[in-house]
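Let me begin by presenting the structure, written as structure tokens, before commenting on it.
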Amino acid sequence: MHLRVRHLVPLGIFLAISVFLAIGLTLDSHRVPSPLIGKPIPTFSLPSVASAAQTVRPADFRGEVWLLNVWATWCVSCRAEHEVLLKAARQHGLRIVGLDYKDERDAAKDWLRQRGDPYTVIAFDARGKAGLDLGVYGVPETYVIDRQGIIRHKFIGPLTGEDVRDTLLPLVQRLEEQA
Amino acid sequence: MTRNGLIVLVLSALLLGAFTVPAPAAEKLRHFDSPQQRERYRALLGNLRCLVCQNESLASSQADLAEDLRDEVYRLVVTEGRSNQAAIDYLTQRYGEFVLYRPRLEPKTWLLWFGPLLMLVIGGTVLALVIRRRRAAADPPLSPDEHARAERLLRNDATSGRNRDA
């Protein structure tokens, strides 16, 4: 039997489908790209966890490269992330602003007393309104914001040591070098 | 009970299962001015995806976030009387077009919308080509010589068949 080109067609189709399926396997459908990347961070004005009298606004950090970390005491994976955040703040000097999402103030204070506090300040978003404006859909989430207040990157799910080393630190360094 | 009776019972139970719809999420009691308004709100939620469960619409999801988003949609279209588009814009600005079960028609979704049609056209073309080639390659009619030979063979065959029967 002659092996003709058209006999290879089914094999070709099979390989094409395999390639698409293999790519599909590496995608995580829970990581939905945020439409806010490249856009200014939505503004909010919230009390801080430490004190109802203190107000936290994104504009307070204009001119700096900072992270906005959305977390809550009811969020289990935030526990694992907390260590990573502590290290990022203490060893690498990152400025991390918290957004305590749909939480209770006392629980949040207890958490920080027990586990340490990596945050510059924490906005207290009891009703989750600021979270909605940010497009938060799975806590924890972390946004990287540049000097002009533009969101440059969003991490969905807990930050890991590798995320910090491979993605976050190089990105922050690059943004800090920009005027 | 007879065996047939049991089978009928089992099949009807299965059939019944096929027709039930998933129970809507425990919705808080909401006020609507008219049945049309309620229908509009419901239909709108049915076309929006919950980001937490992903395979559920905002209408049926029990997730906390879905509850918050239902509140927002209610506020926009019922309390403030805005258009469906206003609610859709509100959600897509925050969560992206992923929330739309019915993606917008735009250049980057052309393949999604017209892909099936494209496949049909490709399949139809291949089929037409195959049929045409087969027709062209059909056997030429028999020459008189071949005709006579075929006739002989058939006759012989019939004779030998009769012999075997005898």
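Protein sequences, first through last, are from chains A and B. Counting in our numbering, the first sequence runs from 12 upward without gaps. Counting in our numbering, the second sequence runs from 843 upward without gaps. Beta carbons are placed, not taken as given, at the ideal position from N, Cα and C, and that holds for glycine. No experiment lies behind these values; they were computed from the predicted model shown.
Determine the direct distance from the alpha carbon of B:Glu948 to that of A:Thr37, and round the result to whole angstroms. 26 Å
For A:Asp215, I'd like the list of residues in its chain whose CB is within less than 6 Å of its CB, leaving aside the five on either flank, ordered along the chain. Summary: the structure shown does not reach residue 215 of chain A, with chain A confined to residues 12 through 190, and so no result is reported for it.
B:Ile973, DSSP secondary structure in three states: helix
Measuring only between beta-carbons, confirm whether A:Pro44 sits less than 8 Å from chain B. yes
Hey, A:Pro129 and A:Pro151 are a contact pair by Cβ (cut 8 Å); roughly how many whole angstroms apart? Not really, about 12 Å apart at Cβ, beyond 8 Å.
If you compare alpha carbons, which of A:Ala33, A:Ala99, A:Ile107 and A:Glu173 is closest to A:Asp157? A:Ile107
Does any C-beta atom of chain B lie closer than 8 Å to the C-beta of A:Ser40? yes
One question on the structure: do B:Arg891 and B:Phe940 come within less than 8 Å of each other, judged by their Cβ atoms? Result yes, Cβ atoms of B:Arg891 and B:Phe940 sit closer than 8 Å.
With a threshold of 7 Å on Cβ separation, who are the neighbours of B:Arg880 within its own chain once the five nearest residues in sequence on each side are excluded? Phe874
Beta-carbon of B:Tyr916 versus every beta-carbon of chain A: anything under 8 Å? no
Hey, B:Leu918 and B:Arg912: beta-carbon distance below 8 Å or not? no
Going along chain B, which residues have a C-beta under 8 Å from A:Asp144? Near A:Asp144 (Cβ distances below 8 Å), the residues of chain B are Arg936.
For the segment 95-102 of chain A against the segment 122-141 of chain A, are there 3 or more C-beta pairs whose distance is under 8 Å? yes
According to DSSP, which residues form a beta bridge with B:Glu948? Beta-bridge pairing links B:Glu948 to no other residue.
Run the CB neighbour count on B:Leu886, radius 10 Å, all protein chains shown included, and call it buried at 16 or more, exposed below. buried
DSSP on A:His18, reduced to helix/strand/coil? helix
Touch check for the segment 71-86 of chain A and the segment 171-178 of chain A: three-plus C-beta pairs under 8 Å? no
Using a Cβ-Cβ cutoff of less than 6 Å, which residues in the same chain neighbour A:Glu92 once the five nearest sequence positions on both sides are dropped? Pro151, Pro169 and Leu170
Select from the segment 904-930 of chain B all residues with a C-beta closer than 8 Å to any C-beta belonging to chain A, and list them in chain order. Asp906, Leu907, Asp910, Leu911 and Glu914
Using CA coordinates, which residue listed in A:Gly49, A:Leu179 and A:Asp114 is at the minimum distance from A:Gly142? A:Asp114
Could you confirm whether any beta carbon from chain B is found closer than 8 Å to the beta carbon of A:Tyr148? A:Tyr148 counts as touching chain B.
Between which two residues does the alpha helix (DSSP H) holding B:Lys870 run? From DSSP, B:Lys870 is part of no alpha helix (DSSP H); its letter is neither H nor E.
A:Glu187 versus A:Gly160, A:Gly49, A:Val76 and A:Leu22, residue with shortest Cα-Cα distance: A:Val76
Kindly indicate if chain B contains any beta-carbon less than 8 Å away from that of A:Gly139. yes
Beta-bridge partners of A:Thr66, as assigned by DSSP: A:Pro58
Please confirm whether B:Val894 has its beta-carbon closer than 8 Å to some beta-carbon of chain A. Judged by the 8 Å Cβ criterion, B:Val894 is in contact with chain A.
Which residues in chain A sit within 7 Å of B:Phe956, going by Cβ to Cβ distance? Within 7 Å Cβ-Cβ: nothing; B:Phe956 doesn't reach chain A, min ~18 Å.
Backbone CA spacing between A:Pro66 and B:Leu954 [nearest angstrom]: The amino acid occupying residue 66 of chain A in the given sequence is Thr; Pro does not appear at that position. Cα to Cα, A:Thr66 sits roughly 46 Å from B:Leu954.
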